[in-house]
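2 protein chains.
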Amino acid sequence: MSTRHEEIADELRQAIDREEYAVGGRLPAETELAARYGVSRGTVRQAVAALTSEGLIGSRQGARRVVLASRRSQSFAELRSFAQWARAMGREATGRVVAQEYLPASAQDAARLQLRPGVPVLHVLRVRGLDGEPVLVERTVYADWISPAVEGIDPDAPSVTQLLFEGTGLVFAYGEHVIDAVAASAQDAELLDIRRTNPLLRVRRVTTTREGRPVEWSDDRYRSDAVSFSVHNSIGNNALARKTAE
Amino acid sequence: MSTRHEEIADELRQAIDREEYAVGGRLPAETELAARYGVSRGTVRQAVAALTSEGLIGSRQGARRVVLASRRSQSFAELRSFAQWARAMGREATGRVVAQEYLPASAQDAARLQLRPGVPVLHVLRVRGLDGEPVLVERTVYADWISPAVEGIDPDAPSVTQLLFEGTGLVFAYGEHVIDAVAASAQDAELLDIRRTNPLLRVRRVTTTREGRPVEWSDDRYRSDAVSFSVHNSIGNNALARKTAE
DNA sequence: GCTGAGAACTTGTCTGAACAAGTTGGCCCC
DNA sequence: GGGGCCAACTTGTTCAGACAAGTTCTCAGC
Numbered sequence: 001m002s003t004r005h006e007e008i009a010d011e012l013r014q015a016i017d018r019e020e021y022a023v024g025g026r027l028p029a030e031t032e033l034a035a036r037y038g039v040s041r042g043t044v045r046q047a048v049a050a051l052t053s054e055g056l057i058g059s060r061q062g063a064r065r066v067v068l069a070s071r072r073s074q075s076f077a078e079l080r081s082f083a084q085w086a087r088a089m090g091r092e093a094t095g096r097v098v099a100q101e102y103l104p105a106s107a108q109d110a111a112r113l114q115l116r117p118g119v120p121v122l123h124v125l126r127v128r129g130l131d132g133e134p135v136l137v138e139r140t141v142y143a144d145w146i147s148p149a150v151e152g153i154d155p156d157a158p159s160v161t162q163l164l165f166e167g168t169g170l171v172f173a174y175g176e177h178v179i180d181a182v183a184a185s186a187q188d189a190e191l192l193d194i195r196r197t198n199p200l201l202r203v204r205r206v207t208t209t210r211e212g213r214p215v216e217w218s219d220d221r222y223r224s225d226a227v228s229f230s231v232h233n234s235i236g237n238n239a240l241a242r243k244t245a246e
Numbered sequence: 001m002s003t004r005h006e007e008i009a010d011e012l013r014q015a016i017d018r019e020e021y022a023v024g025g026r027l028p029a030e031t032e033l034a035a036r037y038g039v040s041r042g043t044v045r046q047a048v049a050a051l052t053s054e055g056l057i058g059s060r061q062g063a064r065r066v067v068l069a070s071r072r073s074q075s076f077a078e079l080r081s082f083a084q085w086a087r088a089m090g091r092e093a094t095g096r097v098v099a100q101e102y103l104p105a106s107a108q109d110a111a112r113l114q115l116r117p118g119v120p121v122l123h124v125l126r127v128r129g130l131d132g133e134p135v136l137v138e139r140t141v142y143a144d145w146i147s148p149a150v151e152g153i154d155p156d157a158p159s160v161t162q163l164l165f166e167g168t169g170l171v172f173a174y175g176e177h178v179i180d181a182v183a184a185s186a187q188d189a190e191l192l193d194i195r196r197t198n199p200l201l202r203v204r205r206v207t208t209t210r211e212g213r214p215v216e217w218s219d220d221r222y223r224s225d226a227v228s229f230s231v232h233n234s235i236g237n238n239a240l241a242r243k244t245a246e
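Line order of the protein sequences matches chains P and U. Position 130 of the first sequence, counting from 1, maps to 130 under full-length UniProt numbering, and the rest follow consecutively. Position 198 of the second sequence, counting from 1, maps to 198 under full-length UniProt numbering, and the rest follow consecutively.
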């Protein structure tokens with residue numbers, strides 16, 4: 001919590017949580033908040049802009065801001081990593097590496113990770129679970145420059161993201177996710193302890209660093225009876241988009 | 001295109017599209033752009049903030065902004081509506097109402113639409129297609145105060161959103177989407193011309209007005225061989241969240 | 001009691017300025 | 001040639017003020 005506008009955004013979130021500002025009610029005017037926190041109107045606007053993009057409050061020119069919802073479920077911020085998400089829900093994340101090998105980058109790998117074709121890239125097949133029950137099969141390809149750091153990780157480590165950050169300072173900053181549904185393959189079925197052809201939620205994603213350099217791409221398949229995804233869209237912040245099949 | 005910062009954002013998007021600023025290259029400094037467009041630094045910052053949240057450019061304090069990608073696929077902005085999306089891709093959206101009836105609101109309907117239980121709400125079962133091929137089954141429940149306007153709509157109308165806007169001025173401003181995978185039911189299979197138990201991508205969504213008033217909630221099932229969804233996440237803009245099954 | 005006009009209020013846009021914090025490149029020295 | 005330090009550059013944060021554009025409330029008039 002470093003900057004003033006982040007502090008104010010957080011105080012407002014908490015105030016909404018403890019129903020100081022009721023859902024459906026109105027937030028104080030910008031000038032009111034500015035006076036109360038002893039900052040300029042611009043700083044207040046930065047704070048409320050954050051809440052607006054989170055969908056907590058609605059905003060229209062001329063009218064006071066309205067509280068739309070209290071904090072969505074619980075977790076909202078730091079849940080890019082499966083392990084972090086599980087911990088935030090009070091459940092234990094487990095992980096197990098089933099197979100791991102270097103293969104020369106295919107044309108597809110090379111394009112997605114911005115590498116030259118043929119460079120050896122690390123393929124990892126991992127099963128992840130909540131409290132021991134398998135819920136996710138992850139097939140990940142890591143860029144050559146990060147592979148050595150991944151290779152050394154304990155096969156049973158619950159959080160790869162965490163270990164990569166501690167080991168190399170790497171931060172996953174951007175992600176592009178393509179979501180669809182597929183029938184479980186024989187291998188999926190065995191690893192997740194379900195029947196073949198059961199529906200799975202597939203998320204194919206590319207994760208990049210702050211500089212926009214791709215780190216990994218992954219095909220994740222979730223047991224759809226255990227995990228779903230939630231997306232919030234608002235006017236001017238259209239994170240969710242449809243795509244036709246290639 | 002009314003405000004100056006929107007204009008500048010658009011010019012930058014176009015400049016990136018025509019590779020004036022190459023992917024991987026650097027954007028001019030804020031002061032540079034401010035001078036070039038004859039505006040203050042604050043206005044330039046509003047413009048580049050839009051591109052950052054779209055994932056087109058990356059930003060780190062101290063370093064020049066980097067171009068991460070050219071415009072994502074094509075459509076980005078105005079694709080909340082199925083019909084608008086289809087048109088933007090040069091395909092024709094079709095729609096057909098299979099069934100339509102008023103039922104008293106269940107406790108679930110009432111909670112999601114913020115109505116009193118028992119109020120008659122309009123249930124509509126609709127099949128939608130691209131160029132005649134069915135790709136989507138939509139089971140929608142409309143709030144009582146908008147139902148009359150929906151009821152009057154031509155059963156074969158391609159765009160309900162458009163007609164509602166023209167008829168009542170209603171704008172869909174916010175949406176909460178929960179995504180998972182399900183096996184096709186017998187009815188789904190018949191309507192979509194696929195086999196039962198084939199995997200479908202299910203999107204359950206609640207759409208609200210600018211004031212945060214829920215308008216409709218819907219269970220949409222997409223043929224996963226025809227349509228997928230794409231979500232862009234960035235640091236500080238975490239639209240995508242996992243959820244456990246209820 | 002209802003309607004319509006207008007005043008008061010509120011958010012959106014924009015300016016110009018200053019300092020803080022982080023990055024990059026070049027220069028000097030070894 | 002290589003390493004390290006510093007200066008120049010760039011983005012992030014914050015302020016104070018001004019006007020535009022839209023909403024809400026009040027009050028007069030019917």
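All C-beta atoms, glycine included, are put in the ideal place defined by N, C-alpha and C. Keep in mind it's a predicted model, so treat the numbers as computed, not measured.
Under the three-state DSSP convention, the category residue i falls into
i               : result
P117 of chain P : coil
T31 of chain P  : helix
T208 of chain P : strand
E20 of chain P  : coil
V160 of chain U : helix
S73 of chain U  : For S73 of chain U, the predicted model reports a pLDDT of 45, less than 50, meaning its position is unreliable; a value from the coordinates is still stated below. Three-state result, S73 of chain U: coil.
V171 of chain U : coil
V39 of chain P  : coil
R45 of chain P  : helix
R26 of chain P  : strand
Q14 of chain U  : helix
L79 of chain U  : At L79 of chain U, the pLDDT of 49 sits below 50, so the modelled position is not reliable; the number obtained from the coordinates is stated separately. If DSSP states are grouped into helix, strand and coil, L79 of chain U belongs with coil.
Cβ-Cβ distance between residue i and residue j below 8 Å
i               : j               : result
L130 of chain P : A86 of chain P  : yes
V150 of chain U : V124 of chain U : yes
V44 of chain U  : L33 of chain U  : yes
Q114 of chain P : P214 of chain P : yes
T140 of chain U : S218 of chain U : yes
S230 of chain P : E6 of chain U   : no
T207 of chain U : E216 of chain U : yes
A35 of chain U  : A9 of chain U   : no
R41 of chain U  : T31 of chain U  : yes
G58 of chain P  : R64 of chain P  : no
Q178 of chain P : S228 of chain U : Correcting the residue identity first, residue 178 of chain P is Val in this sequence and not Gln. Taking 8 Å as the Cβ cut-off, V178 of chain P and S228 of chain U qualify as a contacting pair.
V135 of chain P : R223 of chain P : yes
V39 of chain P  : R4 of chain P   : yes
T197 of chain U : A181 of chain U : no
Limits of the beta strand (DSSP E) - the one that residue i falls within
i               : result
Y174 of chain U : 174-183
A99 of chain P  : 93-104
Alpha helix (DSSP H) segment containing residue i, residue limits
i                      : result
T197 of chain U        : It is not in any alpha helix (DSSP H) - T197 of chain U carries neither H nor E in the DSSP assignment.
residue 248 of chain U : Coverage of chain U is limited to positions 1 through 246, which leaves residue 248 of chain U absent and any answer about it impossible.
P148 of chain P        : 147-151
L191 of chain P        : 186-192
DSSP beta-bridge partners of residue i
i               : result
E138 of chain P : P:R126, P:D220
I57 of chain P  : P:V67
E133 of chain U : U:L130
F229 of chain U : P:I179, P:R242
P214 of chain P : P:T208
Residue i Cβ short of 7 Å to the ligand FAD heavy atom set
i               : result
R196 of chain P : Among the ligands in the structure shown, none appear at all, so the ligand FAD cannot be discussed.
Discussion item. By the 7 Å beta-carbon criterion, what residues does the region 175-187 of chain P contribute toward chain U?
Written reply: Those residues of the region 175-187 of chain P placed with their C-beta closer than 7 Å to a C-beta in chain U are G175, E176, H177, V178, I179, D180, A181, V182, A183, ordered along the chain.
Worksheet item: Which residues, taken in chain order from the region 205-225 of chain U, show a beta carbon closer than 7 Å to some beta carbon of chain P?
Response: Result list: R210, E211, G212, S224, D225.
Fill in: Short-range partners of chain U found in the region 35-57 of chain P, where Cβ spacing is below 7 Å
Listed by position along the chain: S53, G55.
Discussion item. Against chain U, which members of the region 97-123 of chain P pass a CB distance test of less than 8 Å?
Written reply: For the region 97-123 of chain P, which is checked against every Cβ of chain U, not one residue is closer than 8 Å.
Worksheet entry | the region 130-151 of chain U: positions lying closer than 8 Å to chain P by Cβ | Listed by position along the chain: L130.
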